[in-house]
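Okay, structure first, notes after.
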Amino acid sequence: MAKFPKDFLWGGATAANQYEGGYNEGNKALTIADVTTSGSHTEPRRIGWVIPETGETGVYKMEFGKPVQFPQGAIPCVMEGEYYPSHQATDFYHHYKEDIALMAEMGFKTFRMSIAWPRIYPDLESEQPNEEGLQFYDDVFDELKKYNIEPLVTMAHFEIPIDLVMKYGGWANRKVVDLFVKFSTTIMNRYKGKVKYWLTFNEINMMEHMQISTIGLMQVNDQLKAEAAYHQFLASALTVKAAREIDPEMQVGMMLAYQPIYGETCDPYDQLLALKIAQEQFLWYADVQVGGQYPNYKLKEYERNGVQLDIRDGELELLKQYACDFLSFSCYGSGVQGTHENGGKASGNGLSGRVNPYLESNAWGWATDPECLRIALNQLYDRYHKPLWIVENGIGWADVLEEDGSVHDDYRISYLQKNIKSMRDAINLDGIPLMGYTMWGCIDLVSAGTGEMKKRYGFVYVDMDDEGKGTLKRYKKDSFYWYKKCIESDGEDLD
Ligand code: BG6
Numbered sequence: 050m051a052k053f054p055k056d057f058l059w060g061g062a063t064a065a066n067q068y069e070g071g072y073n074e075g076n077k078a079l080t081i082a083d084v085t086t087s088g089s090h091t092e093p094r095r096i097g098w099v100i101p102e103t104g105e106t107g108v109y110k111m112e113f114g115k116p117v118q119f120p121q122g123a124i125p126c127v128m129e130g131e132y133y134p135s136h137q138a139t140d141f142y143h144h145y146k147e148d149i150a151l152m153a154e155m156g157f158k159t160f161r162m163s164i165a166w167p168r169i170y171p172d173l174e175s176e177q178p179n180e181e182g183l184q185f186y187d188d189v190f191d192e193l194k195k196y197n198i199e200p201l202v203t204m205a206h207f208e209i210p211i212d213l214v215m216k217y218g219g220w221a222n223r224k225v226v227d228l229f230v231k232f233s234t235t236i237m238n239r240y241k242g243k244v245k246y247w248l249t250f251n252e253i254n255m256m257e258h259m260q261i262s263t264i265g266l267m268q269v270n271d272q273l274k275a276e277a278a279y280h281q282f283l284a285s286a287l288t289v290k291a292a293r294e295i296d297p298e299m300q301v302g303m304m305l306a307y308q309p310i311y312g313e314t315c316d317p318y319d320q321l322l323a324l325k326i327a328q329e330q331f332l333w334y335a336d337v338q339v340g341g342q343y344p345n346y347k348l349k350e351y352e353r354n355g356v357q358l359d360i361r362d363g364e365l366e367l368l369k370q371y372a373c374d375f376l377s378f379s380c381y382g383s384g385v386q387g388t389h390e391n392g393g394k395a396s397g398n399g400l401s402g403r404v405n406p407y408l409e410s411n412a413w414g415w416a417t418d419p420e421c422l423r424i425a426l427n428q429l430y431d432r433y434h435k436p437l438w439i440v441e442n443g444i445g446w447a448d449v450l451e452e453d454g455s456v457h458d459d460y461r462i463s464y465l466q467k468n469i470k471s472m473r474d475a476i477n478l479d480g481i482p483l484m485g486y487t488m489w490g491c492i493d494l495v496s497a498g499t500g501e502m503k504k505r506y507g508f509v510y511v512d513m514d515d516e517g518k519g520t521l522k523r524y525k526k527d528s529f530y531w532y533k534k535c536i537e538s539d540g541e542d543l544d
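Residue numbering for the sequence shown follows our numbering, starting at 50 and increasing by one per position.
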């Protein structure tokens, strides 16, 4: 029977703004997530705004995929009487010991989490980091160490400090590179010996779809987006450089939202469209951050659109020399693109293409496609020849907590059985060097897309609803026991 390698890093993934809570404790400053309301499958999340000069107020709806456009002069603000799910989230801030014990019970070898930048630098310009924030993560890493769980730390997971937007206008401003590198250097120095694996920007390519929470832009155009991306690439390279100096054992990965794109028919135009979409939406980001250089197709596109980058001496060499050590990615499914009239519009993580009639979807319209993991792993390894790590995959479901405290999530078990088998085939049949797998939202947390609690991913149910009501008590779902068995058998026993 096929197995996973002994040193395979099994675990789960989370992000501070969706899981941590304690939004104003320990001197933490606000992030964009802290002023984003919840929404639903049909209603977008919202951000209130005010124009200080005129006093005019309004509400911006975060419609996925629609370029961000706040009115000129507007700044984000908290709206009276609204519920903000990031404020408490599922309260890892106060439950980390209990949660880490649950992860250990499942046999986790790794835990992916993010550090909230404004917990470390509430004042972005200060030379003095916030000791209370640093101490919190120290405590978390010490707790993980107790159980030999290796942290995998994302430095920026949709945790855009609000000051970054208000004072600097987001990542289109070159000064932000220095601010970020100060932050990344601080945390790498502090956690040297405790954290080996780092990721710079969660789903860097999500800036295609939600600019406010990834690059902190309130208005966008091609030029600004290109500048913001260039600045994040520079910050990534400088972070890799710093990591090598701080501790050569450290490894810094890029994090890409990826989905294989299928052409709807064998019409060559459908295939060309699928290729172009994959390049535009995903691959060019990895070509730079992992491959170390801008691909020609992107440079040509910039030329056509009149986009110009302010590239200074030595910077292109920096991107090349300090490309990321490994490529991590999220993969929730695949996409379909076609040029012919037909097919409905699909939902999914980021890009919505056509509906794939061969696949089944969940209540939020996300189609599951286990084989796409094997396809993705092959595509990405063949292109970059760097170790890979699947750091997000999973299924959101409106789980039901039974009277006796059980949760029967057989749909999740069946999803995992197929997805894990697909990875196992990629390792054993195709020879892909896959470092690990961290299932998304291993303990229930707030959905990034909708802000709901109802869209649950975890092995552990957290008693909290869409209005923020609940005891925060943790309950093991059936998948908890299944994953434990899977890890114990090195992925051999998937029954
Ligand atoms: C990824 C993000 O895009 O998808 C996570 O990195 C997010 O933050 C996950 O939670 C699942 O999306 P959603 O909208 O179901 O929470």
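Using N, Cα and C, we set each Cβ at its ideal position, and we do this for glycine too.
* Just to check, is the beta-carbon of Glu252 closer than 6 Å to a non-hydrogen atom of the ligand BG6? -> Counted from its first residue, the sequence shown places residue 252 at position 203. Proximity of the beta carbon of Glu252 to the ligand BG6 is indicated: a heavy atom of the ligand is located closer than 6 Å.
* With a 10 Å radius around its C-beta and 16 neighbouring C-beta atoms as the bar for buried, classify His457 as buried or exposed. => Your numbering for residue 457 matches position 408 in the sequence shown. Counting Cβ neighbours within 10 Å, His457 comes out exposed, since fewer than 16 surround it.
* Asked: Between Lys526 and Ile149, what straight-line distance do the alpha-carbon atoms span, to the nearest angstrom?
  -> For this step, residue 526 is matched to residue 477 along the sequence shown. For this step, residue 149 is matched to residue 100 along the sequence shown. For Lys526 and Ile149, the distance between alpha carbons rounds to 16 Å.
* **CB contact flag (Asp512, Lys503, <7 Å)** => In the sequence shown, residue 512 corresponds to position 463, counting from 1. In the sequence shown, residue 503 corresponds to position 454, counting from 1. No. Outside cutoff.
* Relative to the alpha-carbon of His136, which residue among Thr86, Glu409, Tyr371 and Leu450 has its alpha-carbon at the smallest distance? -> Translated into the one-based positions of the sequence shown, residue 136 becomes position 87. Closest in alpha carbon position to His136, among Thr86, Glu409, Tyr371 and Leu450, is Thr86.
* Asked: Asn175: buried (16+ other C-beta within 10 angstroms of its C-beta) or exposed?
  -> Counted from its first residue, the sequence shown places residue 175 at position 126. Strictly speaking, residue 175 in this sequence is Ser, with Asn absent from that position. By the neighbour-count rule (16 or more Cβ atoms within 10 Å), Ser175 is not buried but exposed.
* To do: Measure the beta-carbon distance from Trp166 to Ala205 and round it to whole angstroms, keeping in mind my assumption that it falls under 8 Å.
  => Your numbering for residue 166 matches position 117 in the sequence shown. Your numbering for residue 205 matches position 156 in the sequence shown. Yes, they are in contact, since the Cβ atoms of Trp166 and Ala205 sit about 6 Å apart, within 8 Å.
* Asked: Which of the three DSSP states, helix, strand or coil, is assigned to Trp531?
  -> As a working note, residue 531 is residue 482 in the sequence shown. Secondary structure of Trp531 (DSSP, three-state): helix.
* Asked: How far does the alpha helix (DSSP H) with Gly447 in it reach, from first residue to last?
  -> Position 398 of the sequence shown, counted from the first residue, corresponds to residue 447. With the sequence shown as reference, residue 447 is identified as Ala, and Gly is not the correct amino acid for it. Where Ala447 is concerned, there is no enclosing alpha helix (DSSP H), given that its DSSP letter is neither H nor E.
* **Leu79 burial status per 10 Å Cβ neighbour count (16 or more: buried)** => For the purposes of this step, residue 79 is taken as the residue at position 30 of the sequence shown. Buried is the call here.
* Cα-Cα separation, Ile236 to Ala138 -> Here residue 236 refers to the residue found at position 187 when the sequence shown is read from its first residue. Here residue 138 refers to the residue found at position 89 when the sequence shown is read from its first residue. For Ile236 and Ala138, the distance between alpha carbons rounds to 23 Å.
* Mind checking Asp188: buried by the 16 CB within 10 Å criterion, or exposed? -> Stepping through the sequence shown from its first residue, residue 188 is reached at position 139. The residue is exposed, with fewer than 16 neighbouring Cβ atoms inside 10 Å.
* To do: Flag Lys504 as yes when its Cβ comes closer than 6 Å to any non-hydrogen atom of the ligand BG6, and as no otherwise.
  => Position 455 of the sequence shown holds residue 504. Within the cutoff, so yes.
* Asked: So is Glu208 buried or exposed if we call it buried at 16+ other beta carbons inside 10 Å?
  -> Position 159 of the sequence shown, counted from the first residue, corresponds to residue 208. By the neighbour-count rule (16 or more Cβ atoms within 10 Å), Glu208 is buried.
* **Beta carbon of Ala292 nearer than 7 Å to that of Met299** => Walking along the sequence shown from the start, residue 292 turns up at place 243. Walking along the sequence shown from the start, residue 299 turns up at place 250. Against a cut-off of 7 Å, the Cβ pair of Met299 and Ala292 comes out as a contact.
* Asked: Helix, strand or coil: which one does DSSP assign to Ile264?
  -> By 1-based counting over the sequence shown, the position of residue 264 is 215. Three-state DSSP puts Ile264 in coil, outside helix and strand.
* Candidates Asp448, Tyr371 and Val356: which alpha carbon is nearest Gly363's? -> By 1-based counting over the sequence shown, the position of residue 363 is 314. The shortest C-alpha separation from Gly363 is found at Tyr371.
* Spatial neighbours of Asp474 in its chain, beta-carbon cut-off 7 Å, leaving aside the 5 residues before and after -> In the sequence shown, counting from the first residue as 1, residue 474 sits at position 425. Taken in chain order, the residues that qualify are Arg423.
* To do: Measuring alpha carbon to alpha carbon, tell me which of Leu58, Pro54 and Thr234 ends up nearest Thr487.
  => For the purposes of this step, residue 487 is taken as the residue at position 438 of the sequence shown. Nearest option by C-alpha distance: Leu58.
* Residues bridged to Met488 [DSSP beta-bridge criterion] -> Against the sequence shown, residue 488 aligns to sequence position 439. According to DSSP, Met488 bridges with Gly61.
* **Local conformation of Arg403 per DSSP, three classes** => Within the sequence shown, residue 403 is the residue found at index 354, counting from 1. Strand, per DSSP.
* **Test item: CB-CB of Trp446 and Tyr433 under 7 Å** => In the sequence shown, counting from the first residue as 1, residue 446 sits at position 397. In the sequence shown, counting from the first residue as 1, residue 433 sits at position 384. No, the pair does not count as a contact, with Cβ atoms beyond the cut-off.
* Asked: So, do the stretch 89-105 and the stretch 209-220 have three or more beta carbon pairs nearer to each other than 8 Å?
  -> The count of Cβ pairs closer than 8 Å, one atom from the stretch 89-105 and one from the stretch 209-220, stays below three, leaving the stretches out of contact.
* Range covered by the beta strand (DSSP E) that runs through Glu199 -> The residue given as residue 199 occupies position 150 in the sequence shown. Segment Glu199 to Ala205, the beta strand (DSSP E) holding Glu199.
* In angstroms, rounded to a whole number, what distance separates the CA positions of Leu201 and Pro482? -> Counted from its first residue, the sequence shown places residue 201 at position 152. Counted from its first residue, the sequence shown places residue 482 at position 433. Computed Cα separation, rounded: 18 Å.
* **Status (buried if at least 16 other CB within 10 Å, exposed otherwise) for Pro125** => For this step, residue 125 is matched to residue 76 along the sequence shown. Its Cβ being crowded by 16 or more others within 10 Å, Pro125 is buried.
* To do: Quick one: measure Cβ to Cβ for Val225 and Thr288, integer angstroms, because I've assumed they're closer than 8 Å.
  => Reading the sequence shown from its first residue, position 176 is the one you call residue 225. Reading the sequence shown from its first residue, position 239 is the one you call residue 288. Actually they are not in contact, since the Cβ atoms of Val225 and Thr288 sit about 13 Å apart, beyond 8 Å.
* For Met1, name the three-state secondary structure that DSSP assigns. => Within the shown structure, residues of the chain are numbered from 50 to 544, placing residue 1 beyond reach of any answer.
* Could you check the C-alpha separation between Lys216 and Leu465 for me, to the nearest Å? => Reading the sequence shown from its first residue, position 167 is the one you call residue 216. Reading the sequence shown from its first residue, position 416 is the one you call residue 465. If I take the Cα positions, the gap works out to 44 Å.
* Is any heavy atom of the ligand BG6 found at a distance shorter than 6 Å from the C-beta of Gly60? -> By one-based count along the sequence shown, residue 60 stands at place 11. Result no, Cβ not under 6 Å from the ligand BG6.
* Could you tell me if the beta carbon of Gly107 falls within a distance shorter than 6 Å of some heavy atom in the ligand BG6? => Here the question's residue 107 lines up with position 58 in the sequence shown. No, Cβ of Gly107 sits at least 6 Å from all heavy atoms of the ligand BG6.
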